[in-house]
Each structure stands twice: as structure tokens, then as C-alpha cells.
Amino acid sequence: MQDKRFSIRTYGCQMNVHDSEKVVTLLEDAGLSAAASESEADLLVINTCSIRDKAEHQLYSDLGKLREWKAEKPGRIVGVGGCVAQQVGDRLLSRFGHLDFVFGTHHLRRVPAMLDGALAGRRAAWVGEDESQERFDLPARRPALATGPRRRAFVTVMEGCDMFCSFCIVPSTRGREISRAATEIDTEVRQLADQGILEIMLLGQTVNAYGRHDVRRGRAAAAGTMPFAELLGQLDAIPGIERIRYTSPHPLFYDAALIRAHGELEHLCPNVHLPVQSGSNRILEQMRRRYTRERYFEILGALRAARPDVAITSDLIVGFPGETEGDFEQTLDLVRVAGLVDSFSFKYSPRPGTGAAGMGAEVPAEVAQDRLERLQAQQRDQTLAYHQSRVGQEALVLIEGPSRRGGHQVTGRDLHHRVVNLDLCSSLEPPGAAEPGTLLPARVVGATPHSLLAAPLDPALLPGAEDPDFPRSRLKSSKRRADETESVDCAGGLAEDVLRVL
Ligand code: SF4
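Here my numbering is used: the first residue of the sequence shown is 525, the next is one more, and so on.
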């Protein structure tokens, strides 16, 4: 397959983005290379997401358009993976004659064999639950992929979900909770550190439930798992890893040890994305979230006591069946009292097969839209206020690349996972001082609702420093600020809906 090139369309969350990365590794190990664009590809894989409304229709529309793509060049192959594939299964093959293979979320490792089969004219679907550890058994990431410019990597620690929130389809598409052996995780993180990765994002549908079933049943040693806080402690000690984040936790699984970890672990970043979904206890119960707003506040209080600068972000749903104006106001109130630095908010939409789908009591679309807009306006104000509060503070920015604003501006993330843009001088000295992957100390000098603006602490990197007439006083004052520096901030922004072509 040396001459074959592939392209992957990825919809959805970080889990899906990471699954696509795994498929890239599998295909590259099988001898394929990444195509520069879909028009140059021999294999096109669509990695689907079912969290949003009409995901199935989106896939059908994509597949319909791909008839022409496939017909343009003999031998082209089309594969579909992800959550919609897991749900719909081989019915996709019956419906689309030009589709060659379908793989569910537990069957990534079968992709190369399915491609082989497809090239020999055999169509196949692998879906359904795989409860073995084999689903984690994937080749080590290729250095070229791991050392991409961002020097950040996802690491799967558990998959699946046993919570069955009444609005969510994930337990049907990702199956039951299963935790990966800690030695496997440790080995992967050490390999990533050796390849130059500085930041890891631990992934799991309920990531802080890691190991809980094994611990409860007294079989953690046999399964090679442990409580989540212990896993964090183990990874914190790996040389070279500067930043550790995790997503998405569930409020139910915050225990004293995990709270303590936030105060004690050197590399655990001070940002927590803790989905709350609603501020109304009545709606939380209907959602089957298994906590109250009071318990949510208690967790935030404990996190802040352990790590005062922790930045909390969240997910929220408006217009859940039966949500009254009073319930919604409770959500606005929670966002304010919790001091959420940012949030992702959505209008509820029913998913067939979930508990809430048959509840009735629908909130009219225009009411849900109005609530969404009010919530997002409040959040914008809060995010701006938080960003403004950071002006004057230092930030250690992991540079990702040139800013979309152009000029000599670069962009990156601070410890709190906030987006930071920096203006630089046009001729960097030393060259590469702000290359992607650099950790650049800076000071926050401005704020917008979406990002922070910062200036490098090193005066030689400031805009205008290349000019011989650059005011010496500016260099001096920057130097003084740099000397006064003691603390470093951190932050994290969470990818939301992503459409990415790898
Ligand atoms: S915890 Fe709830 S919202 Fe999160 S994946 Fe599980 S069922 Fe879905």
C-alpha cells in the first residue's frame, strides 16, 4: 500500500479527534501516507459524531456527495467510523453501495485489515462492544505525529460511560466503562515525553471515574488500575511532562484525594472543565446527573481552597424538557456564583433511545433560543471580566503557531488553558525563540472575551526591538518587569465541536 494516500474527516469531541490520530498511526504503519487534500486521497475515512442533532443526516449527506469523489478515480475506498457507525452498523453498507467498510468506536485496530479487504473487493462492518483491553492495543504514536508543532498530546485513560444521563447517547455509542492498565498509560506518556511532548490531556468520557469499578471490587491490582488521583500522581513524576490536564470529569467522582492532587501535583494545570449542565436541582434530577447545585459549589470551593487560581469552565444545556423560566434563572445564577471562566452551552435536542427523548414537555424552540442567547451573553461578560483580571499577571505560553490575525503575532495557551496572542518583533533573536512548541514567559497586557493579549518578558522579542532606535527605556522597563517575575500562570481551553481533516 506504499503508493496509497489517505484523508480523514473528523467530527466531534476530543475523543474523536484522538481516535482519528490513532487511525492515522495505524494507516501509516500499514504503509499509507497522508494526502495533502481529499482530492488527492485514495482512501477517505469519515469519523462521525452523534452528540449533535441530525448527525446521521450529516453522514448521509456526506456519503451521498462522495459517490462522485469515488467515481472520479478507480480503486478509491470510503470508510466510516465513530459513534454513528457504532449505532447504525452494517445498515450503512446496505444503504450506500459505494461505502467499503464501517468500524465502531471499539474497532479502530481493524481498519488496516478492512482496508486490505476492501482493496480485494470485500465489504465489511465491525461494530458492537469489545470489553477486552485489546481495544487499547494500538501501535505507539509515530514521532512525526506526536511532535507536531503544538507539543501537546491526547492520552486515553478510560473509555465508555455507565452514567446514562437522560439526554446523552454516549453510553450507547461508546459502551460500558473500561479503564486502561496504568502501566500502558505510563509507557505511552514516557514515549511521548521522549518525543518532545510537553503537555498531555488525559481523555475519558468520565475520566475521573478511572479505575473505580476495579477499586470497588477489590481487583485494581489484578486489573492494573488504581484511583484516578493516584494515576495523576504517577504521571506527574514523569520527566519532561510539564503540563497535565484531563477531560471530562463528572462531579460525582471528585473525592478528597483528587482535590488534594490539585494542590500538590506540580504539573497538574490549574484549569478544570467540570460539566454541570443545569443550575436547577429539579432539572438535574430529570437529567439523572446524580448531584445537586449545592454539591457542585462544594466541589468548586474545595478545588479553590486547594488551588486558588484554578479556572473553572463547564458545559450547559438550556431548554431541557420541562425547563421553566425559574429553572433557567437558576442556571444563570449558578454560572455567576460558580464564577465560570468560560462555558460551552447548547440547546437541548432529543436523541432517540435516550431517557429524555420520550419525556414530552418540550420547551418551544424560540424560548430555548432566547435562553441560549441570554446565557451566552452573561458568559461573555464573565469571560471578559476574568480576562481583564489577568491583565498585569504573568503567563507561561505554550506557543502553537502564527495567529490568525497575521503580522508578527503568535498564539498559544497559558496554564489556565486560555488562548493568548503575543505581538513579537519582526526579526527574532535568537531565531526560533517563539517557534511552535516553545514555552514563552509573557505578561498579560490586554483582554478580549475570547483571548488574552500578552507581551514577551524578554525585551529582545518585543515588537520594535529590531529597530536601532527602539527606546532603551522600553527595554529597561521590560527587563525590570522580567526580574520581578515570580509566579507563572497556566490555563487550558477545551476544543468543542471540531471538523478537522488530518
Ligand atoms: S456522564 Fe452523562 S453526559 Fe457524560 S458521557 Fe456519560 S451519559 Fe453522557
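For each residue, glycine too, the CB sits at the ideal point set by N, CA and C.
Between residue i and the ligand SF4, is there a pair consisting of the residue's CB and a ligand heavy atom that are separated by less than 7 Å?
i	result
methionine 687	yes
histidine 774	yes
threonine 1029	Shown here, the chain extends from 525 to 1026; a query on residue 1029 therefore has no answer.
threonine 749	no
proline 695	yes
glutamine 610	no
glutamine 729	yes
aspartate 573	A quick correction: the sequence has cysteine, not aspartate, at residue 573. Result no, Cβ not under 7 Å from the ligand SF4.
cysteine 692	yes
Reducing DSSP to helix, strand and coil, say where residue i ends up.
i	result
aspartate 839	strand
histidine 581	helix
methionine 883	coil
alanine 664	coil
aspartate 851	helix
isoleucine 709	helix
phenylalanine 691	coil
proline 845	coil
proline 965	strand
leucine 1026	For leucine 1026, the predicted model reports a pLDDT of 25, less than 50, meaning its position is unreliable and no value from the coordinates is stated.
leucine 986	coil
proline 763	coil
valine 651	coil
leucine 981	coil
arginine 769	strand
threonine 680	strand
threonine 749	coil
glutamate 959	coil
serine 1002	In this prediction, serine 1002 has a pLDDT of 40, which is less than 50 and means its spatial position is unreliable; what the coordinates show is noted afterwards. Reduced to three states, the DSSP call for serine 1002 is helix.
aspartate 640	helix
alanine 565	coil
glycine 723	A quick correction: the sequence has glutamate, not glycine, at residue 723. Three-state DSSP puts glutamate 723 in a strand.
leucine 556	coil
serine 574	coil
threonine 671	Its pLDDT being 44, under 50, threonine 671 is placed unreliably by the model, and the measurement read from it follows with that caveat. Reduced to three states, the DSSP call for threonine 671 is coil.
aspartate 1013	In this prediction, aspartate 1013 scores a pLDDT of 25, lower than 50, which makes its location untrustworthy; no coordinate-derived value is stated.
aspartate 543	helix
lysine 528	coil
aspartate 738	helix
aspartate 586	helix
glycine 970	strand
aspartate 718	helix
serine 703	strand
arginine 698	helix
arginine 533	strand
Are residue i and residue j touching if we call contact CB-CB under 8 Å?
i	j	result
alanine 958	leucine 977	no
aspartate 779	isoleucine 768	no
valine 564	arginine 529	Strictly speaking, residue 564 in this sequence is glutamate, with valine absent from that position. Their beta carbons are under 8 Å apart, which means glutamate 564 touches arginine 529 by this criterion.
glycine 877	isoleucine 724	no
isoleucine 765	valine 713	yes
tryptophan 650	arginine 634	yes
proline 832	glycine 884	no
alanine 966	leucine 946	yes
arginine 533	phenylalanine 688	no
threonine 680	glycine 757	no
glutamate 653	methionine 682	no
serine 772	glycine 735	no
phenylalanine 777	alanine 826	no
serine 531	alanine 559	yes
glycine 599	aspartate 566	yes
leucine 964	leucine 722	no
glutamine 1106	serine 690	Since the displayed the chain opens at 525 and closes at 1026, residue 1106 lies outside it and no answer follows.
Compute the minimum distance between the beta carbon of residue i and the heavy atoms of the ligand SAH, and state whether it is under 7 Å.
i	result
leucine 939	As far as ligands go, the structure on display features the ligand SF4 and does not contain the ligand SAH.
* Between the segment 567-579 and the segment 525-543, do at least 3 Cβ pairs fall closer than 8 Å? -> Verdict: yes, contact present.
* Asked: Which runs of the beta strand (DSSP E) spanning at least 3 residues fall entirely within the segment 777-827, listed in chain order?
  -> 795-797
* **Completely contained alpha helix (DSSP H) runs for the segment 854-939, where each covers 4 or more residues** => Counting only unbroken stretches of 4 or more residues, the alpha helix (DSSP H) elements lying wholly within the segment 854-939 are 889-913, in sequence order.
* **Touching by the beta-carbon criterion (3+ pairs, under 8 Å), the segment 849-860 and the segment 888-901** => A contact exists between the segment 849-860 and the segment 888-901.
* Do the segment 963-975 and the segment 933-953 make contact, defined as three or more Cβ pairs closer than 8 Å? -> These segments touch.
* To do: Count the C-beta pairs between the segment 578-594 and the segment 604-621 that are closer than 8 Å, then say yes if the count reaches three, no if not.
  => yes
* Asked: Would you say the segment 786-805 touches the segment 744-761, given that touching needs at least three Cβ pairs under 8 Å?
  -> yes
* So does the segment 744-752 actually touch the segment 686-697, counting three or more Cβ pairs closer than 8 Å? -> no
* State whether the segment 867-883 contacts the segment 830-840, with contact taken as three or more CB pairs (one from each stretch) at a distance under 8 Å. => yes
* Are the segment 602-609 and the segment 621-641 in contact at 8 Å, needing three or more beta carbon pairs? -> With a cut-off of 8 Å, the segment 621-641 and the segment 602-609 count as touching, because enough Cβ pairs lie within range.
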